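Visitor:
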Amino acid sequence: MKSVTVYCSSSPAIEPTFAETARFVGREIARRQLRLVYGGGSSGLMGEVARACREEGGEILGVITSHLAALEVAFDGCDDLVVVGSMRERKKIMVDEGDAFVVLPGGLGTYE
565 MKSVTVYCSS
575 SPAIEPTFAE
585 TARFVGREIA
595 RRQLRLVYGG
605 GSSGLMGEVA
615 RACREEGGEI
625 LGVITSHLAA
635 LEVAFDGCDD
645 LVVVGSMRER
655 KKIMVDEGDA
665 FVVLPGGLGT
675 YE
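Residue numbers for the sequence shown follow the working numbering, so the first one is 565 and each next one is one higher.
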(Lines of atoms letter the chains of each structure in order from A; the text may use other names.)
(Lines give C-alpha, C1' and ligand atoms only; values in the text may rest on other atoms or scores of the structure.)
Protein backbone atom coordinates (compact mmCIF):
# COMPACT_ATOMS: atom_id res chain seq x y z
CA MET A 565 0.00 0.00 0.00
CA LYS A 566 1.38 3.38 -1.02
CA SER A 567 -1.48 5.91 -0.84
CA VAL A 568 -4.49 6.63 1.36
CA THR A 569 -7.38 8.67 -0.01
CA VAL A 570 -9.19 10.70 2.65
CA TYR A 571 -12.68 12.09 2.08
CA CYS A 572 -13.83 14.80 4.49
CA SER A 573 -15.43 18.19 4.98
CA SER A 574 -13.99 21.40 3.62
CA SER A 575 -16.29 23.47 5.83
CA PRO A 576 -14.67 25.38 8.71
CA ALA A 577 -17.92 24.96 10.72
CA ILE A 578 -17.03 21.58 12.20
CA GLU A 579 -16.78 20.16 15.71
CA PRO A 580 -13.29 20.68 17.23
CA THR A 581 -13.03 16.99 18.12
CA PHE A 582 -13.34 16.13 14.42
CA ALA A 583 -10.40 18.43 13.68
CA GLU A 584 -8.30 16.60 16.26
CA THR A 585 -9.10 13.29 14.58
CA ALA A 586 -8.32 14.71 11.13
CA ARG A 587 -4.90 15.86 12.37
CA PHE A 588 -4.27 12.41 13.85
CA VAL A 589 -5.09 10.78 10.51
CA GLY A 590 -2.81 13.16 8.61
CA ARG A 591 0.09 12.57 11.00
CA GLU A 592 -0.32 8.79 10.88
CA ILE A 593 -0.40 8.70 7.09
CA ALA A 594 2.91 10.57 7.03
CA ARG A 595 4.48 8.54 9.85
CA ARG A 596 3.67 5.35 7.97
CA GLN A 597 5.33 6.79 4.87
CA LEU A 598 2.13 6.72 2.86
CA ARG A 599 0.98 9.40 0.43
CA LEU A 600 -2.13 11.38 1.30
CA VAL A 601 -4.61 11.74 -1.55
CA TYR A 602 -7.41 14.18 -0.77
CA GLY A 603 -9.65 16.92 -2.13
CA GLY A 604 -6.96 19.61 -2.26
CA GLY A 605 -8.62 22.22 -0.02
CA SER A 606 -7.03 24.21 2.80
CA SER A 607 -10.12 24.72 4.96
CA GLY A 608 -12.11 22.49 7.29
CA LEU A 609 -11.05 18.91 7.90
CA MET A 610 -9.35 18.83 4.50
CA GLY A 611 -6.95 21.51 5.65
CA GLU A 612 -6.40 19.84 9.01
CA VAL A 613 -5.47 16.50 7.44
CA ALA A 614 -3.18 18.10 4.89
CA ARG A 615 -1.37 20.43 7.30
CA ALA A 616 -0.78 17.63 9.80
CA CYS A 617 0.54 15.35 7.07
CA ARG A 618 2.84 18.11 5.79
CA GLU A 619 4.12 18.88 9.32
CA GLU A 620 5.21 15.24 9.63
CA GLY A 621 6.96 15.37 6.25
CA GLY A 622 4.32 13.37 4.37
CA GLU A 623 3.71 13.39 0.65
CA ILE A 624 0.44 14.96 -0.51
CA LEU A 625 -1.58 14.73 -3.71
CA GLY A 626 -4.48 17.20 -3.79
CA VAL A 627 -7.21 16.92 -6.42
CA ILE A 628 -9.54 19.87 -6.80
CA THR A 629 -11.84 21.37 -9.43
CA SER A 630 -10.97 24.79 -10.82
CA HIS A 631 -14.27 26.08 -9.42
CA LEU A 632 -13.55 24.78 -5.91
CA ALA A 633 -9.94 25.93 -6.03
CA ALA A 634 -11.23 29.49 -6.14
CA LEU A 635 -13.79 28.91 -3.37
CA GLU A 636 -11.80 26.71 -0.98
CA VAL A 637 -8.37 28.17 -1.59
CA ALA A 638 -6.36 25.15 -2.59
CA PHE A 639 -3.72 23.98 -0.11
CA ASP A 640 -0.35 25.30 -1.26
CA GLY A 641 1.57 22.62 0.64
CA CYS A 642 0.68 19.81 -1.76
CA ASP A 643 3.54 18.05 -3.50
CA ASP A 644 1.21 17.69 -6.46
CA LEU A 645 -2.03 19.61 -6.94
CA VAL A 646 -4.19 18.42 -9.81
CA VAL A 647 -6.81 20.95 -10.91
CA VAL A 648 -9.58 19.37 -12.96
CA GLY A 649 -12.67 20.63 -14.72
CA SER A 650 -15.33 18.49 -13.06
CA MET A 651 -16.24 16.60 -9.90
CA ARG A 652 -16.38 13.42 -11.97
CA GLU A 653 -12.71 13.84 -12.94
CA ARG A 654 -11.81 14.67 -9.34
CA LYS A 655 -13.50 11.57 -7.95
CA LYS A 656 -11.95 9.30 -10.58
CA ILE A 657 -8.42 10.48 -9.82
CA MET A 658 -8.96 10.18 -6.07
CA VAL A 659 -10.20 6.60 -6.47
CA ASP A 660 -7.52 5.64 -8.97
CA GLU A 661 -4.69 7.07 -6.84
CA GLY A 662 -5.79 5.52 -3.52
CA ASP A 663 -4.92 2.08 -2.24
CA ALA A 664 -7.00 2.52 0.92
CA PHE A 665 -9.82 4.92 1.80
CA VAL A 666 -10.76 6.83 4.94
CA VAL A 667 -13.99 8.78 5.39
CA LEU A 668 -14.11 11.50 8.04
CA PRO A 669 -17.15 13.70 8.82
CA GLY A 670 -18.39 15.74 5.91
CA GLY A 671 -21.37 16.63 3.80
CA LEU A 672 -22.96 15.26 0.67
CA GLY A 673 -19.73 15.32 -1.33
CA THR A 674 -17.99 13.18 1.29
CA TYR A 675 -20.91 10.78 1.46
CA GLU A 676 -21.12 10.44 -2.30
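Ideal Cβ positions, reconstructed from N, Cα and C, are used throughout, including at glycine.
Just so we're clear, the structure is a prediction, and the values are computed from it rather than from any experiment.
By Cβ distance below 8 Å, which residues in the same chain neighbour G621 in space, the five residues on each side in sequence not counted?
Guide: A594.
Visitor: To which residues does DSSP link R599 through a beta bridge?
Guide: S567 and E623
Visitor: Span of the beta strand (DSSP E) holding L645?
Guide: D644 to V648
Visitor: What does the alpha-carbon distance come out to for the pair A614 and L645?
Guide: The alpha-carbon atoms of A614 and L645 are separated by roughly 12 Å.
Visitor: Give me the Cβ distance between G605 and F639, rounded to the nearest whole Å; I'm assuming they're in contact under 8 Å.
Guide: 6 Å
Visitor: Residue range of the alpha helix (DSSP H) that V659 falls in?
Guide: M651 to E661
Visitor: Determine the closest residue to S630 out of E619, C642, G670 and S650, with distance taken between C-alpha atoms.
Guide: S650
Visitor: How close, in whole Å, do the beta carbons of R654 and I628 come, if the pair is a contact with beta carbons under 8 Å?
Guide: 7 Å
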